[in-house]
Structure formats: C-alpha cells, structure tokens
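Engineer: Protein chains in written order, with this note's numbering: chain A, 1 to 113; chain B, 114 to 520; chain C, 521 to 690.
Okay, here's the structure, questions in a sec.
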Amino acid sequence: MTELQFHLSLSALLFCVGLAGVLIRRNVILALVGIEFMLNAANLNFLAYWRYGSRTVSMDGMMFVVFSIAVAAAEVAVGLALVIALYRRLRTARLDEMQSLKGCTERTDDERS
Amino acid sequence: MMEGLREFCGMIWKVLSDQPDPKAAFLPLVPEAWRVEVSALLSVLPILMVFPALFALTTVLERKGLGRIQNRPGPNRVGPAGFLQFAADGIKTLTKEDVVPRAADRVLHFIAPLALVVPVFLTFSVLPFGRNLVPLNLDAGLLFFFAVGASTELAIFMAGWASRNKYSLLGALRGIAQMVSYEIPLILSTLSVVMVAGTMSLPAIVDAQAAGSGDLLSRWHVFTPWGFAGFLLFLVAACAEANRAPFDLPEGESEIIAGYYLEYSGFKFALFFLGEYLGLFAACGLGITLFLGGWHAPFRFMEAWVPSYLWFFAKLAGLVAVFIWVRGTLPRVRMDQLMNLAWKFMLPLALINLFAAALWHFLGSTPAGWAITTGLLVVSYWSLGRILMPPGRIGRRVYRYAGEGPA
Amino acid sequence: MSALNLLLGIVVLTGAVAALSLRNLVHCAFASIGAFLGLAGLYLHMGAEFVGLVQILVYVGAVGILFVFAILLTRGGGVEERPLFSTSWLCGVGVAGALALVLLSGLFKGADPSDPAASRPSPTLKQVGQRLMVEDVLALEIMALLLTVASIGAIVIAMPEPSRKEEDPT
Chain A
1 MTELQFHLSL
11 SALLFCVGLA
21 GVLIRRNVIL
31 ALVGIEFMLN
41 AANLNFLAYW
51 RYGSRTVSMD
61 GMMFVVFSIA
71 VAAAEVAVGL
81 ALVIALYRRL
91 RTARLDEMQS
101 LKGCTERTDD
111 ERS
Chain B
114 MMEGLREFCG
124 MIWKVLSDQP
134 DPKAAFLPLV
144 PEAWRVEVSA
154 LLSVLPILMV
164 FPALFALTTV
174 LERKGLGRIQ
184 NRPGPNRVGP
194 AGFLQFAADG
204 IKTLTKEDVV
214 PRAADRVLHF
224 IAPLALVVPV
234 FLTFSVLPFG
244 RNLVPLNLDA
254 GLLFFFAVGA
264 STELAIFMAG
274 WASRNKYSLL
284 GALRGIAQMV
294 SYEIPLILST
304 LSVVMVAGTM
314 SLPAIVDAQA
324 AGSGDLLSRW
334 HVFTPWGFAG
344 FLLFLVAACA
354 EANRAPFDLP
364 EGESEIIAGY
374 YLEYSGFKFA
384 LFFLGEYLGL
394 FAACGLGITL
404 FLGGWHAPFR
414 FMEAWVPSYL
424 WFFAKLAGLV
434 AVFIWVRGTL
444 PRVRMDQLMN
454 LAWKFMLPLA
464 LINLFAAALW
474 HFLGSTPAGW
484 AITTGLLVVS
494 YWSLGRILMP
504 PGRIGRRVYR
514 YAGEGPA
Chain C
521 MSALNLLLGI
531 VVLTGAVAAL
541 SLRNLVHCAF
551 ASIGAFLGLA
561 GLYLHMGAEF
571 VGLVQILVYV
581 GAVGILFVFA
591 ILLTRGGGVE
601 ERPLFSTSWL
611 CGVGVAGALA
621 LVLLSGLFKG
631 ADPSDPAASR
641 PSPTLKQVGQ
651 RLMVEDVLAL
661 EIMALLLTVA
671 SIGAIVIAMP
681 EPSRKEEDPT
C-alpha cells in the first residue's frame with residue numbers, strides 16, 4: 001500500500017463512519033459531528049492528492065482545504081444555532097422526537113420511554 | 114569523556130555570551146543515532162527548568178507585592194524575608210491528599226490539568242528568547258502560538274465539567290465565554306504587527322524591530338501609534354486570556370469559590386496554578402516579541418555589552434510586575450461589563466487599529482503618517498468609549514431572577 | 521506507509537468511531553476533538569504546515585468548543601438513558617458499509633495515481649499568502665462575506681424571540 005492509498009482509504013473509512021453516524025445517531029449535535037467528519041475526509045483527500053500527486057507546486061489542494069475549513073466553520077455555527085433554536089421550541093435535541101412535519105402530536109409509548 | 118564535558122561547558126558559555134549556533138561543537142561528540150534527540154533535549158530542557166523556576170519566584174514576589182499594596186507584610190516566615198515561601202508551598206501541595214469527588218468523571222478529571230500545562234509549555238517553543246535562542250523557528254510561529262494556546266480552553270472546560278460541581282461548571286463556562294471573546298481582539302491586535310512586518314515568523318518580527326545604523330532608539334513597534342494602541346489592546350486581552358484580575362471571573366473566589374479547579378487538590382491543583390502562570394509568561398513573551406522589540410535593547414549602544422536574553426527577561430519581569438500591580442489595584446469587573454468591553458470596545462478598536470497599521474504601511478514614518486494614524490486612533494478611541502459604551506447609564510438596580518424568563 | 525502515519529490514522533478512526541458511539545455526549549465531543557487533532561497531525565506530517573495549524577485553531581479552538589457549548593445548552597451533559605441509535609440502524613450501517621466497500625475496492629483495483637518521485641513539498645507561508653491574496657482573492661472575499669453572513673445568521677437564529685412567551689421547561 002502506498003502512502004497515497006493509505007490516506008485515501010483512511011479518508012474513505014472516515015467518510016463512511018461519519019455517514020453511518022449521521023444516519024443512525026438520534027442526537028442532532030452528533031449528526032452534525034458526523035457531517036464534520038465527512039467534510040474532513042474530503043479535506044484529507046484533497047491534501048493527499050496534493051502531497052503525493054505530480055503537481056505539488058500548484059497548491060490547489062491546499063487552497064481547497066483552506067476554503068473548505070472556512071465553510072465548515074460557518075456550517076457548524078449556523079447548524080448549532082439551529083439546534084439551539086429547535087431545542088428552545090421543542091425542548092429536545094433528539095431527531096426522533098422532532099416529528100411535527102409528520103402531523104402526529106402524540107408521541108408513541110416507545111419514544112416516550 | 115573529558116572533551117565532551119569541555120565542549121558542553123563551551124556550549125553553555127556560548128549561550129550565555131550570545132554567540133551563534135551554540136550546539137555546533139558539542140553535537141558531533143554525541144553518537145550519530147542520538148543526535149536528533151540530544152539536540153531536541155538541549156533545546157527543551159532549559160524551558161522546562163527556567164519557567165517553572167520563574168513561576169516559583171513570581172508566586173512569592175506577587176504575594177509580597179500584593180501585601181505592600183494592601184499595607185500588610187505578605188509572606189515573611191520561611192527563609193530570608195519570606196523568599197523561600199515557594200518551597201514550603203511546593204512541599205505542601207506535593208504531600209497533600211489527592212481528592213477526587215465520587216461523582217467525578219475520573220478520566221477527564223485526571224487529564225484536565227495535563228491538557229492545560231502541556232499546550233502552555235508548547236507555546237514557549239516558538240518564542241525567541243535571545244539573539245540565537247529560538248527553540249523552533251517556524252514559518253508560521255504566531256499561528257502555532259495561537260493554535261496551541263486555543264486548546265487551553267478545552268482543558269478548562271474538561272476540568273469544570275469532570276468535577277461534577279455546579280461552581281466548577283459555572284467557572285468553566287465563564288472561562289470559555291471570556292477566553293473566546295477576548296481571543297478575537299488578541300489575535301486582531303497581533304495581526305497589525307504581522308501586516309507591517311510582513312511575516313508570521315517570530316524571529317523575523319524581532320529582526321524587523323532592530324535599530325537601523327543611524328538610529329539612537331530601537332524601532333520597537335510600541336513606539337508607533339498603531340503599535341502603542343495594539344500593545345494596550347494586547348495587554349488587556351492577554352490579561353483576560355490568562356484569567357487574571359480584574360478579569361478573574363472564572364475563579365471569582367467570593368462568588369464561585371475557585372471556579373473550575375475547585376475540586377482539585379494537591380499536585381493537580383499545583384499543575385493548574387503552574388499552567389496559569391506559565392500562560393501569563395507566554396502571553397507576556399509574545400507581547401515582548403511583537404511590540405517591545407523582543408530581545409533588542411531600547412538603545413542601540415546597549416546591545417553590545419548586555420546579553421540579549423537579559424533584555425528579554427528584564428522586559429518579562431517588567432510586564433509581570435505590571436500585571437501584579439493591576440491585580441492589586443483594580444476591582445473585578447462584572448460579566449456584562451466584561452462582554453461589553455470585548456465586543457463593543459476592543460473588537461472595533463482592534464479593527465480600526467488594523468486599518469491604521471495599513472495606512473502606516475503606505476505612509477511610513479512621515480509626519481503625515483504620524484498625524485493621520487494618531488488622529489484616527491484617538492478619535493475612534495474617544496467616540497467608541499462615548500457612543501458604544503456610554504458611562505452615564507447608572508439607574509436603580511433591577512434584579513432579575515433565574516426562571517422569570519426574559520424581562 | 522510510515523509508523524507515524526499509521527498511528528495517526530488509528531487515532532483518527534478510533535476517535536471518529538468513539539465520537540459517534542459513546543453514550544455520554546461530552547465524551548463524544550472530546551473524542552471528536554481527538555479525531556480532529558489526529559487529522560491535524562496527518563496534515564502537518566504531509567508538509568501542509570498552514571493547513572495543519574488552521575485545522576487545530578478552527579476545529580479544536582472553535583468547533584469543538586461550539587459542540588461542547590451546544591451539548592450543555594441542550595442539557596445533554598449527562599449519560600443518555602434512552603436508545604442511542606435509531607430503529608433503522610441496521611439499514612444505516614449497511615449503507616455506510618456498502619459505500620466503504622465500493623470506495624475501497626475501487627481504490628485498490630485502479631492504478632495508483634501517486635507520483636513516486638514527488639518530494640515533500642514545503643510551501644512557505646509567503647507563497648500561501650500570495651496565492652490566497654492575489655490569485656484566489658475573489659474566493660477569499662466571498663468566503664469573508666459568507667462567514668459574516670453565517671455569524672450574523674447564527675445570532676439571529678439563536679436569539680430568543682422577544683414577543684413570544686417562553687413555555688416552562690419541563
């Protein structure tokens with residue numbers, strides 16, 4: 001396994017861990033953490049291709065990562081503000097309890113426990 | 114063996130007498146395989162010894178100084194005039210029982226003091242202490258300083274949360290809110306220096322402040338309008354970052370007892386204490402490097418016969434004395450005053466200072482440059498103080514209790 | 521593949537898995553910060569000094585703190601008693617696992633595009649600054665605008681509505 005393949009497979013695994021977290025965790029904040037992991041996996045990919053590719057002089061990969069980190073910071077700020085606003089309204093930070101769009105006002109017994 | 118010892122002494126002499134590349138003669142005597150490790154050790158060990166020793170000395174001097182300010186003798190029992198008090202304190206903290214609350218999160222409670230002290234030590238590695246004394250000459254030294262320094266906030270949160278004590282948690286939340294708020298003016302005030310010097314490498318910034326061949330006075334950044342304003346902003350923000358009075362709300366012994374390290378005792382408490390003072394030293398060292406000319410002497414003719422590191426440590430001692438003086442003089446601020454000062458006064462002023470530094474970059478040290486930047490800073494200082502933070506809003510005190518909801 | 525890289529990779533993956541599977545939310549936040557630190561180490565090891573330090577500054581100093589604050593503000597500080605994972609967790613893990621299989625098989629089946637002659641680049645901060653401020657200056661300005669909008673938006677969203685009476689917290 002070359003260095004590039006190592007970094008790419010690490011990035012793939014990190015992306016999938018993040019994806020699994022977003023899909024299965026019930027807490028909104030941890031879903032956001034999962035999204036952050038997916039973004040970081042993409043950053044790792046950019047840097048790996050920059051470092052082990054043939055054009056290290058161009059610094060394109062690095063610039064992508066700089067901008068991606070800035071976007072991620074903005075995304076986290078807005079995302080967590082949304083979480084706080086939702087918590088203030090619904091008194092919960094769990095995704096399975098935010099179901100007003102489903103039209104059911106009563107919670108089932110399973111979810112209340 | 115004898116030769117190795119001689120070269121080792123020669124290396125120390127070279128460091129003390131400010132000569133370039135002190136390790137050059139000693140390292141070839143070390144076995145090839147260990148050379149990197151030995152070289153790193155030689156750079157790291159002095160930091161690990163000098164600054165804790167300085168911490169021990171500062172604790173005594175601070176207590177004596179505060180005692181003078183408050184008209185009492187201060188510690189005067191151990192050793193000559195009480196100067197060995199730090200030894201007594203050290204033995205006491207080392208032999209005390211290490212108490213961990215039953216409900217505490219044991220792992221995080223254990224990691225927190227380490228997570229505070231280790232990054233603080235790391236920040237020292239980029240500071241230039243003398244002419245040839247910089248452990249790690251990074252291209253992005255300033256960025257390294259702030260990146261590593263930012264992780265102390267997490268350590269404070271870790272300590273406050275893991276203790277499972279409401280006062281600890283309150284202290285930690287106050288600490289984080291304060292450090293996050295004051296980090297912005299801190300970084301913005303240093304950015305003006307980066308903009309004018311054109312580099313983030315700390316030794317290069319020190320070089321930019323060296324006296325020219327015709328100058329009597331050094332070209333310290335603090336002698337310029339933007340540098341003076343930046344230095345004052347930096348000092349206030351550094352004071353808040355180090356959680357020192359008048360910004361010691363996270364500790365607030367009369368309100369929340371001791372804040373985030375309430376549940377720590379013995380050696381772990383000593384580590385917190387050490388980390389706090391080392392953080393103060395690191396912030397002072399950065400201020401010296403950026404604004405007070407680093408290891409340069411104030412006058413050009415003095416540089417020849419006083420070693421450079423003595424200037425650095427003299428400035429460090431002066432700044433620490435200022436912090437002790439401020440601590441003994443000013444009362445603690447309120448939380449809303451703290452936040453107003455950071456967001457409504459220091460942040461806009463730091464941004465305007467950045468603009469003034471840009472003007473200075475184009476106008477240079479001409480009369481027009483002095484007049485315009487000084488005028489800009491004075492006018493904005495006055496108007497920010499009058500308009501955004503009006504002093505005359507003193508009315509009847511209104512109490513709002515928790516649970517009443519927004520007024 | 522050097523030992524340091526392998527170690528950092530293990531730190532990143534264990535941090536990520538722990539962050540998404542631990543029961544105590546604050547532990548999750550600290551585990552995720554560990555993973556971000558591991559990534560910063562990988563970046564520094566690759567020679568991207570600026571990006572590595574920015575990663576530490578942004579993710580440890582800002583994003584990690586924000587996560588911790590949000591967890592405390594939503595009263596998630598204790599141990600979660602209710603089920604952590606949604607009822608369809610098998611489905612989610614299956615999708616993620618399948619994606620991992622596809623990515624990894626594609627990665628090892630195709631030709632390795634890496635350039636063995638590539639030496640460790642070490643761009644100076646000056647070069648990075650030139651690139652950001654001269655060639656990519658439009659992107660930088662747009663980014664500054666985006667960050668300003670995002671911070672104002674975050675404040676507006678999280679601000680309590682003044683007119684509506686708050687319900688009692690239960």
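All C-beta atoms, glycine included, are put in the ideal place defined by N, C-alpha and C.
State the Cα-Cα distance for the pair residue 4 of chain A and residue 156 of chain B, rounded to the nearest angstrom.
Structural biologist: Working through the first sequence from its first residue, we reach residue 4 of chain A at position 4. Working through the second sequence from its first residue, we reach residue 156 of chain B at position 43. Spanning the two alpha carbons is a distance of roughly 34 Å.
Engineer: Taking the alpha carbon of residue 246 of chain B as the reference point, which residue from B:399, B:392, B:129, B:410 has its own alpha carbon closest?
Structural biologist: For the purposes of this step, residue 246 of chain B is taken as residue 133 along the second sequence, with counting starting at 1. The shortest Cα separation from residue 246 of chain B among B:399, B:392, B:129, B:410 belongs to B:129.
Engineer: Is residue 520 of chain B buried or exposed, if buried means 16 or more other CB atoms sit within 10 Å of its CB?
Structural biologist: Position 407 of the second sequence, counted from the first residue, corresponds to residue 520 of chain B. With a pLDDT of only 48 at residue 520 of chain B, under 50, the local geometry of the prediction cannot be trusted, and the value read off the model is given with reservation. Answer is exposed; the Cβ neighbour count stays below 16.
Engineer: In chain A, which residues lie with their C-beta within 7 Å of the C-beta of residue 591 of chain C?
Structural biologist: Indexing the third sequence from 1 puts residue 591 of chain C at position 71. Simply 29.
Engineer: When the Cβ atoms of the stretch 349-363 of chain B are set against those of the stretch 279-298 of chain B, are three or more pairs found closer than 8 Å?
Structural biologist: yes
Engineer: Is residue 266 of chain B close to chain C? Criterion is C-beta to C-beta, closer than 8 Å.
Structural biologist: Sequence index remark: in the second sequence, residue 266 of chain B carries index 153 (1-based). True, the Cβ-Cβ gap to chain C drops below 8 Å.
Engineer: Strictly below 8 Å CB to CB, what residues from chain C border residue 471 of chain B?
Structural biologist: Position 358 of the second sequence, counting from 1, holds the residue named residue 471 of chain B. Within 8 Å Cβ-Cβ: nothing; residue 471 of chain B doesn't reach chain C, min ~13 Å.
Engineer: Does the distance from the CB of residue 645 of chain C to the CB of residue 252 of chain B come in under 8 Å?
Structural biologist: Position 125 of the third sequence, counting from 1, holds the residue named residue 645 of chain C. Position 139 of the second sequence, counting from 1, holds the residue named residue 252 of chain B. Result yes, Cβ atoms of residue 645 of chain C and residue 252 of chain B sit closer than 8 Å.
Engineer: Please list the partners that residue 677 of chain C has in chain A, where partner means a Cβ-to-Cβ separation under 9 Å.
Structural biologist: The sequence position of residue 677 of chain C within the third sequence is 157, counting from 1. Per Cβ cutoff of 9 Å: 78, 81, 82, 84, 85.
Engineer: In chain order, what residues of the same chain have a beta carbon less than 7 Å from the beta carbon of residue 443 of chain B, not counting five sequence neighbours either side?
Structural biologist: Residue numbering aside, residue 443 of chain B sits at position 330 when the second sequence is read from its first letter. Taken in chain order, the residues that qualify are 358, 359.
Engineer: Contact check, residue 340 of chain B vs residue 404 of chain B under 8 Å by CB: the rounded distance?
Structural biologist: Taking the second sequence and counting its residues from 1, one reaches residue 340 of chain B at position 227. Taking the second sequence and counting its residues from 1, one reaches residue 404 of chain B at position 291. Confirmed, Cβ separation roughly 6 Å.
Engineer: Under a three-way DSSP split, which group does residue 466 of chain B fall into?
Structural biologist: One-based indexing of the second sequence puts residue 466 of chain B at position 353. Helix, per DSSP.
Engineer: Got a sec: is the Cβ-Cβ distance from residue 499 of chain C to anything in chain B below 8 Å?
Structural biologist: Because residue 499 of chain C is not part of the residues shown, which for chain C are 521 to 690, the question remains open.
Engineer: Measure how close the beta-carbons of residue 544 of chain C and residue 6 of chain A come, nearest whole angstrom, since I'm counting them as under 8 Å.
Structural biologist: Walking along the third sequence from the start, residue 544 of chain C turns up at place 24. Walking along the first sequence from the start, residue 6 of chain A turns up at place 6. So it is not a contact: roughly 32 Å between Cβ atoms.
Engineer: Using a Cβ-Cβ distance under 8 Å, would residue 9 of chain A count as near chain C?
Structural biologist: Counted from its first residue, the first sequence places residue 9 of chain A at position 9. It does; some Cβ of chain C falls within 8 Å.
Engineer: Listed from N- to C-terminal order along the chain, which residues in the stretch 431-464 of chain B have their beta-carbon within a distance smaller than 9 Å of any beta-carbon of chain C?
Structural biologist: Within the stretch 431-464 of chain B, no residue has a Cβ that lies closer than 9 Å to any Cβ of chain C.
Engineer: Would you please verify whether the beta carbon of residue 534 of chain C is less than 8 Å from any beta carbon of chain B?
Structural biologist: To locate residue 534 of chain C, count along the third sequence from 1; it is residue 14. Not an interface residue.
Engineer: For residue 616 of chain C versus residue 19 of chain A, is the C-beta spacing smaller than 8 Å?
Structural biologist: Here residue 616 of chain C is taken as the residue at index 96 of the third sequence, counted from 1. Here residue 19 of chain A is taken as the residue at index 19 of the first sequence, counted from 1. The answer is yes: Cβ separation under 8 Å.
Engineer: Does the CB of residue 570 of chain C have a neighbour CB from chain B at under 8 Å?
Structural biologist: Here residue 570 of chain C refers to the residue found at position 50 of the third sequence. Yes, residue 570 of chain C lies at the interface with chain B (some Cβ there is under 8 Å from its Cβ).
Engineer: Using a C-beta cutoff of 8 Å, does residue 520 of chain B count as contacting chain C?
Structural biologist: Position 407 of the second sequence, counted from the start, is the residue given in the question as residue 520 of chain B. For residue 520 of chain B, the predicted structure reports a pLDDT of 48, less than 50, and the residue's modelled location is therefore unreliable. A value from the coordinates is still provided. Chain C, which has no Cβ nearer than 8 Å to the Cβ of residue 520 of chain B, makes this no.
Engineer: Can you tell me where the alpha helix (DSSP H) with residue 183 of chain B in it begins and where it stops?
Structural biologist: Walking along the second sequence from the start, residue 183 of chain B turns up at place 70. Careful: residue 183 of chain B lies outside any alpha helix (DSSP H) and carries neither H nor E.
Engineer: Do the stretch 372-389 of chain B and the stretch 415-427 of chain B meet, that is, are 3 or more Cβ pairs less than 8 Å apart?
Structural biologist: no
Engineer: Since residue 552 of chain C meets chain E, which of its residues come closer than 8 Å, beta carbon to beta carbon?
Structural biologist: The chain inventory of the structure shown lacks chain E, comprising the protein chains A, B and C.
Engineer: Taking all protein chains shown into account, decide if residue 611 of chain C is buried (16 or more other Cβ within 10 angstroms of its Cβ) or exposed.
Structural biologist: If you number the third sequence from 1, residue 611 of chain C lands on position 91. Exposed: under 16 other Cβ atoms inside 10 Å.
Engineer: Short check: CB of residue 537 of chain B to CB of residue 271 of chain B, under 8 Å?
Structural biologist: In this structure chain B extends from 114 to 520, so residue 537 of chain B is not present and cannot be described.
Engineer: Does the pairing of the stretch 257-269 of chain B with the stretch 428-436 of chain B give three or more beta-carbon distances under 8 Å?
Structural biologist: no
Engineer: Output the residue ranges of the alpha helix (DSSP H) runs that lie fully inside the stretch 208-293 of chain B and measure 4 residues or longer, sorted by chain position.
Structural biologist: 219-236, 254-262, 264-275
Engineer: Would you please state the rounded distance, in angstroms, between the beta carbons of residue 85 of chain A and residue 677 of chain C? I believe it to be under 8 Å.
Structural biologist: For this step, residue 85 of chain A is matched to residue 85 along the first sequence. For this step, residue 677 of chain C is matched to residue 157 along the third sequence. Contact holds; Cβ gap of about 5 Å.
Engineer: For a cutoff of 8 Å on Cβ pairs, would you count residue 690 of chain C as touching chain B?
Structural biologist: Position 170 of the third sequence, counting from 1, holds the residue named residue 690 of chain C. Because residue 690 of chain C sits at a pLDDT of 45, beneath the cut-off of 50, its placement in the model cannot be relied upon, and the point is left open.
Engineer: Could you please give the first and the last residue of the uninterrupted alpha helix (DSSP H) stretch that includes residue 119 of chain B?
Structural biologist: Here residue 119 of chain B corresponds to residue number 6 of the second sequence, with the count starting at 1. Run containing residue 119 of chain B: 115-129, per the alpha helix (DSSP H) assignment.
Engineer: Within its chain, find whatever has a CB closer than 6 Å to the CB of residue 668 of chain C; leave out the 5 residues flanking it on each side and keep chain order.
Structural biologist: To locate residue 668 of chain C, count along the third sequence from 1; it is residue 148. Excluding five sequence positions before and after residue 668 of chain C, none of the CB atoms of its chain fall closer than 6 Å to its own CB.
Engineer: Of all Cβ atoms in chain C, is any one closer than 8 Å to the Cβ of residue 19 of chain A?
Structural biologist: In the first sequence, residue 19 of chain A corresponds to position 19, counting from 1. Yes - at least one Cβ of chain C is within 8 Å of the one on residue 19 of chain A.
Engineer: Would a C-beta distance cut-off of 8 Å place residue 552 of chain C and residue 529 of chain C closer than the cut-off?
Structural biologist: Position 32 of the third sequence holds residue 552 of chain C. Position 9 of the third sequence holds residue 529 of chain C. The answer is no: Cβ separation not under 8 Å.
Engineer: Beta-carbon within less than 6 Å of residue 99 of chain A's beta-carbon, same chain only, minus the 5 sequence neighbours each way: which residues are those?
Structural biologist: For the purposes of this step, residue 99 of chain A is taken as the residue at position 99 of the first sequence. Correct list: empty, nothing qualifies.
Engineer: Listed in chain order, which residues of the stretch 645-677 of chain C have Cβ atoms closer than 8 Å to some Cβ of chain B?
Structural biologist: Going along the stretch 645-677 of chain C in chain order, one finds 645, 646 with a Cβ nearer than 8 Å to chain B.
Engineer: If you count every other CB in all the chains shown that lies within 10 Å of the CB of residue 331 of chain B, and 16 or more means buried, which is it?
Structural biologist: Position 218 of the second sequence, counting from 1, holds the residue named residue 331 of chain B. It counts as buried.
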